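In this note's numbering, the protein residues as written are 11 to 226. Ideal placement from N, C-alpha and C gives every residue a C-beta, glycine not left out. These numbers come from a predicted model, not from an experiment. What follows is a set of notes on a single structure, which appears directly below.
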């Protein structure tokens, strides 16, 4: 029986990929680092900022990388963009799980400030019993944030499932012996997610309930 569903945030619950790409590309331009494209940024969505910047700009100095990070934080928190919308079916699923007394948590590459802001803007904080951010623990795909969530909520890995849109989400679940479910509409494509051995990769988030209640 599944007691806990752990969700990634960006690209899984909320359509924030374009916002992240725009903020990151503007931050990098202001920092004077090598030009990158949106596809380069999608590749690292889900990682902690330090790990993400090092992956996209590996040949820049640490000083330049840190400048990109600070610029990104400023632009993201400044918030000159519309609040991301939930993907179709997300709110119905969250409401169903809440009414069914299934615990929910978030494991994200966002910072604590960033996640708190998004939860406030989307009025979703009450759905989740626990959250873990990349600036509080090790970045995905290290499974430490999942283990911390399990420990906090008193749940075994076999009683939980990770839902995410990137290989980083699914890899950290696999590393800890936790089942995973991918969603195909986010940052990484379906074939890439399937290589991480999820139960299924969903094109439609609303089908998540049937998978959890029928197959897990």
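Reduced DSSP category for residue i - H, G, I as helix; E, B as strand; rest coil
| i | result |
| --- | --- |
| residue 17 | strand |
| residue 86 | helix |
| residue 55 | strand |
| residue 96 | strand |
Span separating the alpha-carbon of residue i from that of residue j
| i | j | result |
| --- | --- | --- |
| residue 202 | residue 165 | 29 Å |
| residue 129 | residue 135 | 5 Å |
| residue 161 | residue 183 | 15 Å |
| residue 168 | residue 208 | 14 Å |
| residue 216 | residue 99 | 5 Å |
| residue 14 | residue 42 | 43 Å |
| residue 174 | residue 81 | 27 Å |
| residue 145 | residue 151 | 14 Å |
| residue 121 | residue 58 | 8 Å |
| residue 95 | residue 23 | 9 Å |
| residue 76 | residue 38 | 10 Å |
| residue 16 | residue 187 | 14 Å |
| residue 106 | residue 140 | 18 Å |
| residue 143 | residue 172 | 15 Å |
| residue 25 | residue 72 | 30 Å |
| residue 221 | residue 147 | 30 Å |
| residue 156 | residue 113 | 14 Å |
| residue 92 | residue 133 | 14 Å |
| residue 60 | residue 85 | 16 Å |
| residue 170 | residue 189 | 7 Å |
| residue 69 | residue 178 | 23 Å |
| residue 127 | residue 88 | 11 Å |
| residue 163 | residue 224 | 24 Å |
| residue 204 | residue 210 | 8 Å |
| residue 199 | residue 206 | 12 Å |
| residue 12 | residue 214 | 20 Å |
| residue 109 | residue 138 | 13 Å |
Cross-strand partners of residue i (DSSP beta bridge)
| i | result |
| --- | --- |
| residue 113 | 14 |
| residue 192 | 174 and 211 |
| residue 138 | Looking at the DSSP assignment, residue 138 forms no beta bridge with any residue, so it has no partner. |
| residue 118 | 143 |
Close Cβ partners of residue i (< 6 Å) along its chain, the five nearest in sequence each way excluded
| i | result |
| --- | --- |
| residue 48 | 31 |
| residue 212 | 193 |
| residue 218 | 103 |
| residue 40 | 81 |
8 Å CB neighbourhood of residue i in its chain, flanking five on each side removed
| i | result |
| --- | --- |
| residue 197 | 20, 21, 27, 52, 53, 55, 56, 175 and 176 |
| residue 125 | 19, 116, 118, 141 and 143 |
| residue 303 | Only positions 11 to 226 of the chain appear in this structure, which leaves residue 303 out of reach. |
Neighbourhood of residue i by C-beta, 7 Å cutoff - its chain only, sequence neighbours within 5 removed
| i | result |
| --- | --- |
| residue 149 | 57, 58, 61 and 119 |
Any contact between the region 170 to 185 and the region 30 to 44? By contact I mean 3 or more CB pairs, one from each, below 8 Å. Output reads no: the region 30 to 44 does not touch the region 170 to 185.
Any contact between the region 99 to 109 and the region 51 to 69? By contact I mean 3 or more CB pairs, one from each, below 8 Å. no
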